[in-house]
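**Student:**
Numbering (the numbering used here), first residue to last: 3 to 297.
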């Protein structure tokens, strides 16, 4: 057998269901969804694909009022329910883990947001616009308008003109801020070697101080998780005022310490209470005798 004939004989595989008339039967690939597998069982009939959906915010179940936290994931059924201009609107249906309540979340391309349309409601407090602390913070905030507000702005020429002027002002202010930040970054990191050297020096000093405070805490008998803070003159003065006693109390404490340090068998030159009583009684008797003689 020639080489070409051997290649023809060995290079072709005929599966068991192959027939000369029709080739491979179509039943072998019936019900196959390719790489999607079982997740696309409803794709052809209902246009539904099963995906992993992550809850974008805190919601409360409409049946049992159980709170479902942001970030909890579900096996959700994803389907297309409409269009916003050229952007599709998607719906995600899932079951709550608490009571199997059906929850539906839809995308809102107009407001770049998600809407809970069935089975639950968004927890109060989410999506609240933060308070603006300064004009600079307000300058960097993004503003979103509803469809009615956008329609009103488009039909009002004065509002459009004012908004254009405000946008130009914001662009100039942000450009100035960007230039200042860029100049500051270049000035700070112009000599990266010196900057790195200074940073490492400060870190070494901080580590040395932390080690000394840890050793001091261990010397005081404190556990390692109790960290001492660096000493300050204000703290020293406050501790001195709080823990120092008065002069009288300090002297009394010194006298008590002196008495406790002396031996109980040592001779004392000071008069005791019993000797004082004897002296007083003898003086009273002599005075009584003198009064009797005078009489």
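We put the CB at the ideal spot given by N, CA and C, even for glycine.
Which whole-angstrom value is the C-beta distance of residue 56 and residue 41, which I expect to be below 8 Å?
**Tutor:** Taking the chain shown and counting its residues from 1, the one referred to as residue 56 is at position 54. Taking the chain shown and counting its residues from 1, the one referred to as residue 41 is at position 39. No, residue 56 and residue 41 are not in contact; Cβ-Cβ is about 16 Å, not under 8 Å.
**Student:** Looking at the unbroken alpha helix (DSSP H) that takes in residue 164, where does it start and where does it end?
**Tutor:** Translated into the one-based positions of the chain shown, residue 164 becomes position 162. Residues 159-190.
**Student:** Would DSSP call residue 73 helix, strand or coil?
**Tutor:** One-based indexing of the chain shown puts residue 73 at position 71. If DSSP states are grouped into helix, strand and coil, residue 73 belongs with coil.
**Student:** Where does residue 117 sit, in a helix, a strand or coil, going by DSSP?
**Tutor:** For this step, residue 117 is matched to residue 115 along the chain shown. Look at residue 117 here: in three-state DSSP terms it is strand.
**Student:** I'd like the span of the alpha helix (DSSP H) that includes residue 215, first residue to last.
**Tutor:** Counting from one through the chain shown, the residue named residue 215 turns up at place 213. Per DSSP, residue 215 belongs to the alpha helix (DSSP H) from 194-221.
**Student:** Quick check: the Cα distance between residue 51 and residue 213, rounded to an integer number of angstroms?
**Tutor:** Numbered from 1 along the chain shown, position 49 holds the residue referred to as residue 51. Numbered from 1 along the chain shown, position 211 holds the residue referred to as residue 213. Computed Cα separation, rounded: 58 Å.
**Student:** Quick test of the definition: if touching needs 3 or more C-beta pairs under 8 Å, does the region 95-102 touch the region 154-170?
**Tutor:** no
**Student:** Could you have a look at residue 236 and say whether DSSP puts it in helix, strand or coil?
**Tutor:** As a first step, residue 236 is located in the chain shown; it is residue number 234 there, counting from the start. Helix at residue 236.
**Student:** Whole-angstrom Cβ separation of residue 121 and residue 103, contact assumed at under 8 Å?
**Tutor:** Start at 1 with the first residue of the chain shown, and residue 121 comes out as number 119. Start at 1 with the first residue of the chain shown, and residue 103 comes out as number 101. Yes, they are in contact, since the Cβ atoms of residue 121 and residue 103 sit about 5 Å apart, within 8 Å.
**Student:** What would DSSP say about residue 254, mapped onto helix, strand or coil?
**Tutor:** Residue mapping note: residue 254 aligns to position 252 of the chain shown, counting from 1. If DSSP states are grouped into helix, strand and coil, residue 254 belongs with the helices.
**Student:** CB residue 49 to CB residue 81, shorter than 7 Å?
**Tutor:** For this step, residue 49 is matched to residue 47 along the chain shown. For this step, residue 81 is matched to residue 79 along the chain shown. It is a contact, given that the beta carbons lie within the stated cut-off.
**Student:** According to DSSP, is residue 95 part of a helix, a strand, or is it coil?
**Tutor:** The sequence position of residue 95 within the chain shown is 93, counting from 1. In the structure shown, residue 95 sits in a strand (DSSP, three-state: E or B).
**Student:** Any idea what DSSP makes of residue 224, helix, strand or coil?
**Tutor:** By one-based count along the chain shown, residue 224 stands at place 222. DSSP places residue 224 in coil when its eight states are reduced to three.
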